[in-house]
Structures are given as C-alpha cells and as structure tokens.
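All the letters of the sequence shown, read from the start, carry residue numbers 0 to 236 under numbering that gives the first Met the number 0. For glycine and all other residues, C-beta sits at the position ideal for the given N, C-alpha and C. Keep in mind that this is a model prediction, so the values were computed, not measured. Some notes on the structure that comes next.
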Amino acid sequence: MRLVRGLTMGNPGYARHRAGLTPRLEYAGGPAAPAPGWTRIAPQHGVAVELGVGDRLSIVDPCGEQVSDLYLVSAAELREQFSAGRTIDYGNSLYVSVGSMLFSNRSHVMAEVVADSVGVHDLTLTPCSQDTFDLLYPEFEGAAHRSCFGNLCEALVPHGVDPDRIGTTLNIFMDVWTDESGELHIDPPPTRPGDVFRISAHLPLIAGITACSAEKSNNGHCTPIDWRIDRADGTLG
Ligand SMILES: [Zn+2]
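Okay, structure coming up:
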C-alpha cells in the first residue's frame, strides 16, 4: 500500500503549510508562559468561554504538535450546537480554513474562520473520552485518564449543556487522513509554536476549548493551549 500522506483526502492545507504560505502570528508566548493578554489551558484540561456577536476567539498552540478540540453551543438555545456534518455539507469540503462557516444543527452560521496559520484540522472525530482510552489504548488497562470529552463536560455542564448532546468537535490542528483503503491515520499536528486558529462569532456562543489529552494525537506529549478573546467593542475578553 502506497501511503500518500495528506494527499488522498486532498487537503489543500498541507501544501499551503509546507510551502510556508500560511501567515504566521507574531506570538510572544511559549512553553513557559502565554503571551500577555492570553490565557493558558493546562495540558489535558479545558475551559468554556462566552462570545458575543463579532467577538473573535483566537487559539494558539504555544509549543507545537498540540490538538485543541472546539465545541460551540448557542448561548440563547442550548439545543442548538455545532454540527460538523452540516459544516462539511454546506462548505462542500471536509476541511475548514479562512472563510469557512461553522454551522449548527439548525443550519445557522455559528462562527466564521477568520485566521488560520495551519489549514490542517479535523471535522470527523469525536472528542477523546474515557471510552476512547479504554478501547484504543489497551496499555492503560482502563485506568482513569483525562479526556477532551470529560474536559468539555466539566466546562460546559455548568452552563446547562447536556453531555449527551456534545457531538463531533472541530479538532483544531488535528491531522486525520485516509489511505487508499479508507483506513484512517492520525499524524502529529503539523503545528509550530505560535500557530493560530481564529473564529469570529455570528451568534452569542458558549465555546468549549480543550488542550487535547490523547497522547497518540499529539506525538506522545500533551502540552498547553493558549487563547484570547478580542471583543467586538475593542476590549480584550
Ligand atoms: Zn482529545
């Protein structure tokens, strides 16, 4: 089987990223600390933030090779949530990057991608969960393990979100692809320290964000994720 990494599914983000065509962010943070004005999610943890219309949420990988799961819920109607399927359908692409609209299960635009220095993100996989580790990491022998699903629940349940409604996430910086047989492969995120993904909210939102807990998705090491909100009124959130 000849494996053509990243080409079988035709993600144009690979070529742009490799060619250095994706604009970088001048990010002053790093492994030791986030940049001033930014907030850090500790490795294998998560957070929920509230966004108003026009607020921009930026997510940065400060160390490189780190996935961040993002899940959006309408603040006005908690049963309206991010739909990866509708986002794929209406965008006519398995991928999102600058200009892509993120749709809800009710077919409303929840947010738009307004900056992206990577172009490699996944819309197909659910957030890692305790079950993920029990099923796919037999070496852990069922031991308790922090997970994106658990972290999203911890962050979103206090806002009234039902865990059973948390579906497929937008897995920022996650490199999922298939070979000619259709088998899935998960490669380390291609991110370099300071790579950024930014959305602008089209609805009032509650956004769950994680620093992914799955070692295999992050090249064996789980590192932090930094975020900040630039409010539509010019203030920093
Ligand atoms: Zn995860």
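Judged by DSSP in its simplified three-state form, PHE148 adopts helix. Membership of ASP130 in the alpha helix (DSSP H) is indicated by the continuous run 129-135. Here the alpha carbons of GLU76 and SER128 stand approximately 25 Å from one another. Pairing ILE224 with ALA47 gives a Cβ-Cβ distance that is not under 7 Å.
Taking 7 Å as the cut-off, the Cβ atoms of ASP68 and VAL97 do not count as close. Per DSSP, the continuous alpha helix (DSSP H) segment holding THR86 begins and ends at 83-90. Taken from the Cβ of SER212, at least one heavy atom of ligand 1 lies inside 6 Å. The three-state secondary structure of ASN170, taken from DSSP, is strand.
Spatial neighbours of SER146 in its own chain (CB-CB distance under 6 Å, excluding positions within 5 residues in sequence) are listed in chain order as CYS127, SER128, GLN129, SER212. Rounded to the nearest angstrom, the gap between the Cα atoms of ARG191 and GLY28 is 12 Å. Taking the CA atoms as reference points, MET109 sits about 22 Å from GLU153. Ranked by Cα distance from GLN80, the options PHE132, ASP163, ALA31 are led by ASP163. Of all alpha-carbon atoms in GLY53, CYS221, LEU71, the one lying nearest the alpha-carbon of GLU64 is that of CYS221.
The shortest C-alpha to C-alpha distance from VAL72 to any of ILE58, ARG197, LEU155 is the one to LEU155. For the pair VAL195 and SER57, the CB atoms are nearer than the 7 Å cut-off.
By the beta-carbon neighbour count (other beta carbons within 10 angstroms, threshold 16), THR234 is exposed.
Counting the other Cβ atoms within 10 Å of the Cβ of LEU50 gives 16 or more, which makes it buried.
Placement of the Cβ of CYS147 at a distance of less than 6 Å from at least one heavy atom of ligand 1 is found.
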